[in-house]
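Reading through the structure tokens given below for one structure.
Residue numbers (the working numbering), protein chains in the order written: chain A, 30 to 271; chain B, 30 to 271.
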């Protein structure tokens, strides 16, 4: 990014967005039994962090969060939940400003975007296979990392990932997992594997099936899927609970 | 409050605090079987709302919340938990500014404190009998209201109360209820009544006792309290769980 673009971007922030407030999105993706998180590598640096955004003056917090996730993943209507606001006095993008300055960019000393910023954290869960991820203006690279194998993150972003994961798991019964992350019809083992991926542990097959049906999260289709090599397999569809 | 004080307060806000960010405290008190919430009536108006505060530039969010509750209740070290940040684009103190202006105060048109404000909500649970509540600079009156019999609140403060209550109840097992709100030694019925007050519903006696002991939240003292008119009563003390 040329220095001119940075100056222009900062001027736009000043004009359009609430100062001293940012958002961070912890976007989890579930894919083939792995739980992944979307990370970006900042412009010209070997530093990874979470996608970030700002709140436009005419925009609800929730709208700003949805916009941020949409811009990073090109997915609409994803499951998105506010989980915590981070506001330690020593948190801020000052270090990022220093790094950019060391690369010769003209980073203004007094701009709030490089000072103390309170960040509202949102957690999202998307179908990683359907997402088309793109680096934002401040990033060189944007990609999925398996949660447990991610690089060390900048600022307090590792704490954000841990807290987002805890919030996701604590609210699991409210998550439209089967609706968002599976095709319209699926088998019980496919659904169980998805829950196990998000929870990071294995579940008892019988209890799982009973719970899904007791909570009326899924409904069994009348006709089983025939098979030549095994017993017919029942299919389910997501109905989302009572 | 004379107009001069308002101008001075706004200048101090500008100098000391992060702009466009406020805090609201939903302070619940449990007392004699009633769940109460602390409300204040705004300066010169018949409008009730939640205690509010701002975040000093050198202060963590958590510190600012603790300070707000301390200033309103004169209690130290209370249970305090961030539960949600409120940021609708149309939320703001503009209406409050209009009301003050109608009373002849010189409210500056462009000050952020009467514009759009994102508010971080904290929920607290205190011993209402020990609190010494005082109106802050913008309030004429500050007192406890039974939650279900409270007046209609300004802005989005009713939504804040409802969400705070839900967060409190959802996290009940983590709450140091017996430690904060009961004397050092108490009976099981006293503890049960406290939980029922916070939950707003009655609990089964046997299940309650079993759960408290299973979670190791309380410990029975060896010597029962003798009684001349009934069986001896066992006393418990809070140990806070495993």
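Cβ atoms here follow ideal geometry from the backbone N, Cα and C, with glycine treated the same way.
Since the model is a prediction, treat every value here as computed from it, not as a measurement.
task: Could you say if the region 38-48 of chain A and the region 68-81 of chain A meet the contact criterion of at least three C-beta pairs nearer than 8 Å?
output: no
message: Using 9 Å as the threshold, is the C-beta distance between residue 167/A and residue 202/A below it?
response: no
field: Where the region 169-198 of chain B meets chain A: residues whose CB sits under 9 Å from a CB there
entry: none
- prompt: If you measure beta-carbon to beta-carbon, which residues of the region 70-95 of chain A are closer than 9 Å to chain B?
  reply: Within the region 70-95 of chain A, those residues whose Cβ lies closer than 9 Å to any Cβ of chain B are, in chain order, 84, 85, 86, 87, 88, 89, 90, 91, 92, 93.
- request: Specify the secondary structure class of residue 113/A as computed by DSSP and reduced to three states.
  value: strand
field: Where the beta strand (DSSP E) through residue 169/A begins and ends
entry: 168-175
- prompt: Can you check whether the CB of residue 227/A is closer than 9 Å to the CB of residue 154/A?
  reply: yes
message: I want to verify the contact list: residues of chain B whose CB lies under 8 Å from the CB of residue 48/A, in sequence order.
response: 48, 49
Cβ neighbours of residue 128/A in the same chain (closer than 7 Å, five flanking residues each side left out): 74
Neighbour flag for residue 116/B against chain A, beta carbons, 9 Å: yes
- prompt: Assuming residue 157/B contacts residue 54/B under a Cβ cut-off of 8 Å, what Cβ separation, rounded to an integer in Å, is found between them?
  reply: That pair is no contact at about 14 Å.
message: Check whether the region 159-166 of chain A and the region 92-102 of chain A touch, using three or more Cβ-Cβ pairs below 8 Å as the test.
response: Between the region 159-166 of chain A and the region 92-102 of chain A, the count of Cβ pairs shorter than 8 Å is three or higher; the stretches touch.
- prompt: With 16 other CB atoms within 10 Å as the buried threshold, where does residue 263/A fall?
  reply: Burial is judged here by how many other beta carbons sit within 10 angstroms of a residue's own beta carbon; residue 263/A has fewer than 16 and is exposed.
field: Other residues of its chain near residue 176/B: CB distance less than 6 Å, five sequence neighbours each side excluded
entry: 64, 66
message: In this structure, how does DSSP classify residue 34/A when only helix, strand and coil are distinguished?
response: Correct three-state label for residue 34/A: helix.
query: CB residue 94/A to CB residue 52/A, shorter than 9 Å?
result: Yes.
- prompt: What are the partner residues of residue 155/B, as DSSP defines its beta bridges?
  reply: 58/B
message: Against residue 145/B, what residues of chain A qualify as contacts under a CB-to-CB distance less than 8 Å, listed in chain order?
response: 47, 86
- prompt: Rounded to a whole number of angstroms, what is the C-alpha to C-alpha distance between residue 174/A and residue 182/A?
  reply: 12 Å
- request: Starting from the beta carbon of residue 113/B, find every residue of chain A whose beta carbon is closer than 7 Å, and list them in chain order.
  value: 111
field: Inter-stretch contact at 8 Å, needing at least 3 Cβ pairs: the region 125-144 of chain B / the region 214-227 of chain B
entry: With a cut-off of 8 Å, the region 214-227 of chain B and the region 125-144 of chain B do not count as touching, because too few Cβ pairs lie within range.
field: Proximal chain B residues relative to residue 149/A, where beta-carbon distance stays under 9 Å
entry: 114, 116, 147, 149
- prompt: Given residue 185/A, which residues of its chain have a CB within under 8 Å of its CB, disregarding the five upstream and five downstream residues?
  reply: 115, 117, 120
- request: Locate the alpha helix (DSSP H) running through residue 66/A, then write down its first and last residues.
  value: Note, residue 66/A: premise wrong, no alpha helix (DSSP H); beta strand (DSSP E) at 63-71.
- prompt: Using the beta-carbon count (16 or more within 10 Å), is residue 61/B buried or exposed?
  reply: exposed
Buried/exposed call for residue 130/A, threshold 16 Cβ in 10 Å: exposed
task: For the beta strand (DSSP E) containing residue 247/B, list its first residue and its last residue.
output: 247-249 is the span of the beta strand (DSSP E), which, as asked, contains residue 247/B.
task: Starting from the Cα of residue 208/B, find the closest Cα among 107/B, 48/B, 229/B and give me that residue.
output: Cα-wise, what sits closest to residue 208/B is 107/B.
- prompt: For residue 84/B, which residues of its own chain have a beta-carbon under 7 Å away from its beta-carbon, when the five flanking residues on both sides are left out?
  reply: 46, 47, 50, 52, 90, 93
- prompt: So, residue 234/A versus residue 253/A, is the Cβ gap smaller than 9 Å?
  reply: Cβ distance not < 9 Å, so residue 234/A and residue 253/A don't count as in contact.
query: If you check the beta carbons only, do residue 189/A and residue 70/A fall under 9 Å apart?
result: no
- request: Assign residue 247/B to buried or exposed, taking buried as 16 or more other Cβ atoms, counted over all protein chains shown, within 10 Å of its Cβ.
  value: buried
- prompt: Residues bridged to residue 216/B by DSSP?
  reply: None, per the DSSP bridge assignment.
task: Spatial neighbours of residue 268/A within its chain, please: CB distance less than 6 Å, with the 5 preceding and 5 following residues excluded, ordered by chain position.
output: 248
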